[in-house]
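Read through the structure below, which is laid out as structure tokens, and then see the notes.
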Amino acid sequence: MPGPKFLSAEQVLLTTLVVKLAVMAALATMLVRYRRFRHILIFERRDWPDRLTFVLALGIPLTAGVASRLLLNYNAADLTLEGSFVAGLIAGPYAGAMVGFMAGFPAVGNGEIIALPFAIGCGFAGGGLRELCPKETIWHFSPFVITRLPVRAWGMIRTRQIDWHVVLLFAPVGLELLHQAIGARWSAHHRLFYLAPGSVWTLTVILLATVLAVAMPIKIWNNARIEHRLEEQEKLLLAAKIEALASQINPHFLFNTLTSISSLIRTEPDTARVLITKLSGLLRRLMRSTDHFVTLREELESIDEYLDIEVVRFGPQLRVEKAISPETLDVIVPSMVLQPLVENSIKHGLSRKVGGGRITIRTSLRDGRTLIEVVDDGLGMTEERLEQAFGGGIGLSNVNERLRTIYGAAFGLKLTSSAGHGTSVSLEIPELAAVERFTA
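To convert a position in the sequence shown, counted from 1, into my numbering, add 4.
So this is what it looks like as structure tokens:
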């Protein structure tokens with residue numbers, strides 16, 4: 005039987021480098037999953053508690069990697085140079101030095117006395133480069149700069165300006181060459197651990213692996229920063245859209261109410277005066293509130309003030325009934341979400357009905373959602389008018405669009421009507437709104 009086949013020295017080295025890169029990628033991915041660590045990455049200004057958190061989050065795994073090398077002879081887990089340099093590059097020289105101290109300290113106990121000052125020096129090197137280099141350039145660092153190195157070198161000569169991408173590329177290369185030189189000088193006494201190359205080719209691969217081990221965590225963490233920025237932009241866009249829709253509904257309500265008052269000035273001046281007084285009170289309430297979201301209790305109070313105006317207009321012909329579930333009163337709803345629904349019932353359902361009519365406002369909890377209904381017993385709508393209900397004016401279409409914008413496409417208005425029997429408009433508020441008050 006043939007004997008077992010062992011890997012050559014070069015194959016062992018290449019395998020170690022591949023695993024080393026995998027360990028660094030896994031560590032960077034694991035850390036970025038934690039909210040506190042992401043927060044530290046996102047904001048460039050960091051106080052000392054944040055820096056200390058960063059140091060511990062990165063330093064402890066790096067220290068464990070060095071310990072595994074010493075105890076298990078697992079060379080691929082030693083990321084002292086790359087980890088210390090990256091810590092300094094991201095969080096500053098002192099953070100880099102502390103991470104270097106943590107990673108280099110276990111090796112001193114094994115007689116590798118140069119490991120500690122070298123690791124601290126790598127941390128300071130990364131931190132010093134951070135102080136000099138534009139911060140966004142660091143986050144956009146890529147090892148693929150090497151593919152256009154001649155062009156960039158000529159650009160630096162021609163413009164007499166530093167290309168920081170080139171500097172960031174050669175900084176870890178320089179540290180690794182220094183690492184190799186010191187390690188080779190003291191190799192007989194094992195004063196500094198290093199992966200010894202067998203040829204120029206393997207040295208080139210080691211240098212490339214060092215650059216990749218620095219670039220990978222930066223790339224992974226920068227993706228998290230970009231995702232955060234996109235989320236913030238989406239929030240701002242949503243807030244702007246809600247602001248625009250809310251700004252649209254208030255003038256619409258005011259215009260309709262003033263139109264009603266103007267029709268009464270000549271025929272019923274006393275009634276018009278009462279309406280103006282009530283309208284001014286309602287407007288003061290609306291102007292005091294800058295929130296685009298209120299509790300259902302507050303929304304119902306606004307509806308009461310609006311209905312006071314309509315009851316004065318229509319007299320006893322307009323009857324309003326409420327069936328409000330007490331457990332829904334603290335649910336958060338978009339402000340001015342009910343007024344257009346009530347106005348629509350009065351304007352299109354009851355105003356032309358002989359003998360007046362009744363509006364019923366109902367709320368209830370159903371399957372973890374708050375159901376709100378506005379029902380009238382007015383003239384109702386034909387199927388043709390029902391299909392065009394959201395396109396014929398601002399009121400209903402605005403509320404429908406706001407609900408879909410805030411809660412998603414499944415949370416628009418639901419409208420049912422029967423000619424001669426009345427109309428029902430309903431909406432659902434998801435449970436999330438009951439526990440968190442949003443501000444735009």
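Backbone N, C-alpha and C fix where the C-beta goes; we use that ideal spot for every residue, glycine too. Being a predicted model, the structure only gives us computed values, none of them experimental.
What are the start and end residues of each continuous alpha helix (DSSP H) run of 4 or more residues lying completely inside the region 109-137, in chain order?
If we require 4 residues or more, the alpha helix (DSSP H) runs fully inside the region 109-137 come out as 119-136.
Got a sec? Which residues, its chain only, sit under 6 Å from G130 by beta carbon, not counting five neighbours each side?
So the qualifying residues of the chain are F89, G92, L93, G100.
At what residues does the beta strand (DSSP E) containing A327 begin and finish?
First-last of the beta strand (DSSP E) with A327: 322-328.
Below 8 Å between beta carbons: does that hold for L45 and A188?
No, the pair does not count as a contact, with Cβ atoms beyond the cut-off.
Would you list, in sequence order, the uninterrupted alpha helix (DSSP H) runs of no fewer than 4 residues that lie entirely inside the region 32-89?
The qualifying runs are 39-46, 52-76.
Under 8 Å between the Cβ atoms of L21 and A213?
Yes; because the gap between Cβ atoms is below 8 Å, this pair is in contact.
Is the CB-CB distance between I224 and W143 below 8 Å?
Not in contact: I224 and W143 (Cβ atoms no closer than 8 Å).
Tell me where the alpha helix (DSSP H) around I161 begins and ends.
Element bounds for I161: 153-163.
Do K282 and E309 have their beta-carbon atoms positioned less than 8 Å apart in this structure?
Yes; because the gap between Cβ atoms is below 8 Å, this pair is in contact.
To the nearest angstrom, how far is it from the Cα of L181 to the Cα of L153?
Approximately 19 Å between the Cα atoms of the pair.
Restricting to Cα atoms, I'd like to know which of M106, P97, L60, Y98 is closest to L82.
It is Asp, not Leu, that sits at residue 82 in the sequence shown. Answer by Cα proximity: M106.
Should the region 51-62 be regarded as contacting the region 226-245, the criterion being three or more beta carbon pairs within less than 8 Å?
No, the region 51-62 is not in contact with the region 226-245.
From this set, F109, E135, G113, F145, which residue's C-alpha is nearest I124's C-alpha?
Of the candidates F109, E135, G113, F145, the one whose C-alpha sits nearest the C-alpha of I124 is F109.
Buried or exposed: K24, going by 16 or more other Cβ atoms within 10 Å of its Cβ?
When all chains shown are included, K24 counts as buried.
Nearest CA to the CA of L387: which residue from T409, L419, G412, A413?
Per the sequence presented here, residue 387 reads as Glu, with Leu not at that position. Closest by alpha carbon: L419.
Under the DSSP definition of a beta bridge, which residues are partnered with V298?
For V298, which the question treats as bridged, DSSP gives the partners V337.
Contact check, L400 vs P338 under 8 Å by CB: the rounded distance?
14 Å between Cβ atoms; not a contact.
Tell me the rounded alpha-carbon separation between P8 and N77.
For P8, the pLDDT reaches just 43, beneath the cut-off of 50, and the residue's location in the model is therefore unreliable, leaving the point undetermined.
If you measure from the beta carbon of L75 to each beta carbon in chain D, is any gap under 8 Å?
Protein chain content of the structure displayed is limited to a single chain, and chain D is not contained in it.
What whole-angstrom Cβ distance do S430 and M385 have, given they're in contact under 8 Å?
Incorrect: roughly 15 Å between the Cβ atoms, too far for contact.
Nearest to I117 by CA position, among H425, S191, T409, is which residue?
Checked all of H425, S191, T409; the closest Cα to I117 is S191.
Can the beta-carbon of L207 be found closer than 8 Å to that of V177?
No, the pair does not count as a contact, with Cβ atoms beyond the cut-off.
Using the three-state DSSP reduction, which class does G426 fall into: helix, strand or coil?
It is a strand residue.
For a test of the three-state rule: what should DSSP assign to T364, helix, strand or coil?
Three-state DSSP puts T364 in a strand.
Taking the alpha-carbon positions, what's the N226 to T19 distance?
For N226 and T19, the distance between alpha carbons rounds to 27 Å.
Measuring alpha carbon to alpha carbon, tell me which residue in L66, A13, R134 is nearest R49.
Answer by Cα proximity: R134.
Straight-line CA distance for G372 to R233?
Distance between the alpha carbons of G372 and R233: 32 Å.
Rounded C-beta distance between Q392 and G360? I'm assuming under 8 Å.
Contact flag wrong, Cβ pair sits at about 26 Å.
Quick check: what's the CA-CA separation for R270 versus V346?
Distance between the alpha carbons of R270 and V346: 26 Å.
Can you tell me whether T386 is helix, strand or coil according to DSSP?
If DSSP states are grouped into helix, strand and coil, T386 belongs with coil.
How would you label T67, buried or exposed, when you count the other beta carbons within 10 angstroms and need 16 or more for buried?
Label assigned to T67: buried.
Beta carbon of G353, beta carbon of G424: below 8 Å?
No, they are not a contact pair.
Provide the residue span of the beta strand (DSSP E) that contains T141, from first to last.
Where T141 is concerned, there is no enclosing beta strand (DSSP E), although the alpha helix (DSSP H) it sits in stretches over 139-143.
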